[in-house]
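**Student:** Here you go, one structure.
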Amino acid sequence: MNKAHQRTDSDRQRAFLRTLIGIGAATAAAHIGNNFTTYLVGGLIEKFGFSKFAMGAWNMAETLSYAAAMFLIAPRARTMDARLLALFASLIVICAQAGSALTSSYPLLLLGRIGTGMGFGLMNSAVNLAAGRTDQPARWISLGISVQTMLYALVAIGLPKLGESHGVGGMFLALAGLALALGLLALLLPGGTGLIEDRAAATAHRRIGREGQLILVAMALFSFGSLAIWPFIEQTAKAIAIPATQFGVYQSLAVLASALGNAALAAGIARLPRTWPLTAALGACGACCMLLTTVGSQAAFAAAFIAFMVTWFLTYPLLLGLTYAYDASGRLAVMTTGTWLLSTSFGSLAAGAMAQALDGYTLIGPIGGFICILAIVAVWPVVRRLDRQERTA
Numbered sequence: 001m002n003k004a005h006q007r008t009d010s011d012r013q014r015a016f017l018r019t020l021i022g023i024g025a026a027t028a029a030a031h032i033g034n035n036f037t038t039y040l041v042g043g044l045i046e047k048f049g050f051s052k053f054a055m056g057a058w059n060m061a062e063t064l065s066y067a068a069a070m071f072l073i074a075p076r077a078r079t080m081d082a083r084l085l086a087l088f089a090s091l092i093v094i095c096a097q098a099g100s101a102l103t104s105s106y107p108l109l110l111l112g113r114i115g116t117g118m119g120f121g122l123m124n125s126a127v128n129l130a131a132g133r134t135d136q137p138a139r140w141i142s143l144g145i146s147v148q149t150m151l152y153a154l155v156a157i158g159l160p161k162l163g164e165s166h167g168v169g170g171m172f173l174a175l176a177g178l179a180l181a182l183g184l185l186a187l188l189l190p191g192g193t194g195l196i197e198d199r200a201a202a203t204a205h206r207r208i209g210r211e212g213q214l215i216l217v218a219m220a221l222f223s224f225g226s227l228a229i230w231p232f233i234e235q236t237a238k239a240i241a242i243p244a245t246q247f248g249v250y251q252s253l254a255v256l257a258s259a260l261g262n263a264a265l266a267a268g269i270a271r272l273p274r275t276w277p278l279t280a281a282l283g284a285c286g287a288c289c290m291l292l293t294t295v296g297s298q299a300a301f302a303a304a305f306i307a308f309m310v311t312w313f314l315t316y317p318l319l320l321g322l323t324y325a326y327d328a329s330g331r332l333a334v335m336t337t338g339t340w341l342l343s344t345s346f347g348s349l350a351a352g353a354m355a356q357a358l359d360g361y362t363l364i365g366p367i368g369g370f371i372c373i374l375a376i377v378a379v380w381p382v383v384r385r386l387d388r389q390e391r392t393a
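Residue numbers (my numbering): 1 to 393.
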């Protein structure tokens, strides 16, 4: 009996570790563009003299294709194998990143961004599908983000240093190599196409409905507001005399703090209500956005940036967790993530146009922060209803 229990515990530990590595690697691979495109934007501006508006459009091409890939997957979510999807995604990203290192042509670089966006979208769909097939999707998403952010702490320090020595082409090649390594680890994702049966039955054939639409609106407001400045954040830091290498140190500290925040969230998320944690995270994230482009000292920027990253990475799994509570099939989760990228696409274009017109980034943070906070209004009825339902269950 003891040996049987030991074998069972050992099997569970191995299964947990495989899933943790698979979801962590796939999450990191899916978000690598969102987190490190800012260095590529700065490098391309400095090397080839592309305008701010052109680089906003360049970033938009990636995020639009990212969103398109996720909306393509959403109707087919229940029938797809997350592991095969991750493999296909990795191949696309590797080719697109490596190809971008070999050209100075803006149209070809734009084509490369469309390719990486498609790959990132397919990989993020794989993450959402794999998490949706576990018994606690929001917990696994938080754990995946913890793994992702710990890895990003190293990338944030190494990538700008590589850019100093090997230029933007070296950064493209490094990101291609990272996509290869993470893609191999993502093969540890759970395979198959099944769902957790009790949750699947509870939400079978559910339409998106009004509450699903409110979740989509909340994600759109959150992502448009909080991420409008992101493609230019490294340039914003440079405007107050923070070099790219020092910004990389701040980003490394920020993602390490985010890893701790998400580990704590993963440990306690099953016992927490939904309303106050999500409200606090959204409000704090919006406030940090306002500070990012208005503070004038390195210390204040570093504090605002670290707080922004922590609150952003808490808000995202909290919002995404709502989708699984409402629709266990994973369809709404994929649509919500697609909405995040679609809204971010227009946010980056609007930010680029504003920066071009005003010759600076100052107003982008306050406007974006206010829009981010509006997401609380949109999602409030959903979280309140779910909290009441769970208290009476």
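Just so it is clear, CB atoms sit at the ideal spot from N, CA and C, and this is done for glycine as well.
Can you have a look at Gln97 and say buried or exposed, based on whether 16 or more other CB atoms are within 10 angstroms of its CB?
**Tutor:** By the neighbour-count rule (16 or more Cβ atoms within 10 Å), Gln97 is buried.
**Student:** Taking Cβ to Cβ, would you say Phe305 is nearer than 7 Å to Ala257?
**Tutor:** Their beta carbons are not under 7 Å apart, which means Phe305 does not touch Ala257 by this criterion.
**Student:** To the nearest whole angstrom, what separates the beta carbons of Gly225 and Leu292, a pair I think is in contact under 8 Å?
**Tutor:** The Cβ separation is near 12 Å, so there is no contact.
**Student:** Starting from the Cα of Ala244, find the closest Cα among Leu214, Ala299, Gly183 and Glu164 and give me that residue.
**Tutor:** The shortest Cα separation from Ala244 among Leu214, Ala299, Gly183 and Glu164 belongs to Glu164.
**Student:** Look at the Cβ atom of Gly158, then the Cβ atom of Thr27, and state whether they are nearer than 7 Å.
**Tutor:** Against a cut-off of 7 Å, the Cβ pair of Thr27 and Gly158 comes out as no contact.
**Student:** By how many angstroms is the C-alpha of Ile233 removed from the C-alpha of Leu175?
**Tutor:** Rounded to the nearest angstrom, the two C-alpha atoms are 19 Å apart.
**Student:** According to DSSP, is Ile196 part of a helix, a strand, or is it coil?
**Tutor:** Caution is warranted here: a pLDDT of 46 is assigned to Ile196, below 50, making its placement in the model unreliable, and the coordinate value is therefore given only provisionally. Ile196: coil per DSSP, three-state reduction.
**Student:** Under the assumption that Val431 contacts Ile114 (Cβ atoms under 8 Å), give the Cβ distance between them as a whole number of angstroms.
**Tutor:** A query on residue 431 cannot be resolved here, the shown segment of the chain reaching from 1 to 393 and no further.
**Student:** Can you tell me whether Val377 is buried or exposed? The criterion is at least 16 other CB atoms within 10 Å of its CB, across all chains shown.
**Tutor:** By the neighbour-count rule (16 or more Cβ atoms within 10 Å), Val377 is not buried but exposed.
**Student:** Using 8 Å as the cut-off, can you tell me whether the region 124-140 makes contact with the region 36-45, which would need three or more C-beta pairs spanning the two stretches below that distance?
**Tutor:** At 8 Å Cβ cutoff, the stretches do not touch.
**Student:** Residues in the same chain with beta-carbon distance under 6 Å from Gly119, minus the five sequence neighbours each way, listed in chain order, please.
**Tutor:** Same-chain partners within the cutoff: Ala89, Ile92 and Val93.
**Student:** Classify Gln389 as helix, strand or coil using the three-state DSSP reduction.
**Tutor:** Note: Gln389 maps to helix in three-state DSSP.
**Student:** Is it buried or exposed, Trp276, if we count other Cβ atoms within 10 angstroms and call 16 or more buried?
**Tutor:** Trp276 should be labelled exposed.
**Student:** Using alpha carbons as the reference points, say which of Val379, Ile373, Gln356 and Thr344 lies closest to Leu320.
**Tutor:** Of the listed residues, the one whose Cα sits closest to Leu320 is Val379.
**Student:** Take Ala241 as the anchor and find which of Ala299, Asn34 and Leu265 has the nearest alpha-carbon.
**Tutor:** Of the listed residues, the one whose Cα sits closest to Ala241 is Ala299.
**Student:** What is the rounded straight-line gap between the Cα of Ser348 and the Cα of Gly283?
**Tutor:** If you take the alpha carbons of Ser348 and Gly283, they lie about 21 Å apart.
**Student:** For Gln136, which residues in the same chain have their Cβ closer than 7 Å to its Cβ, ignoring the five residues on either side in sequence?
**Tutor:** Answer for Gln136: Ala270, listed in chain order.
**Student:** Taking the alpha helix (DSSP H) that Thr149 falls in, what are its first and last residues?
**Tutor:** First-last of the alpha helix (DSSP H) with Thr149: Pro137 to Leu185.
**Student:** In the DSSP assignment, find the unbroken alpha helix (DSSP H) run with Ser339 in it and report its ends.
**Tutor:** Residue 339 is actually Thr in this sequence, not Ser. Segment Arg331 to Leu358, the alpha helix (DSSP H) holding Thr339.
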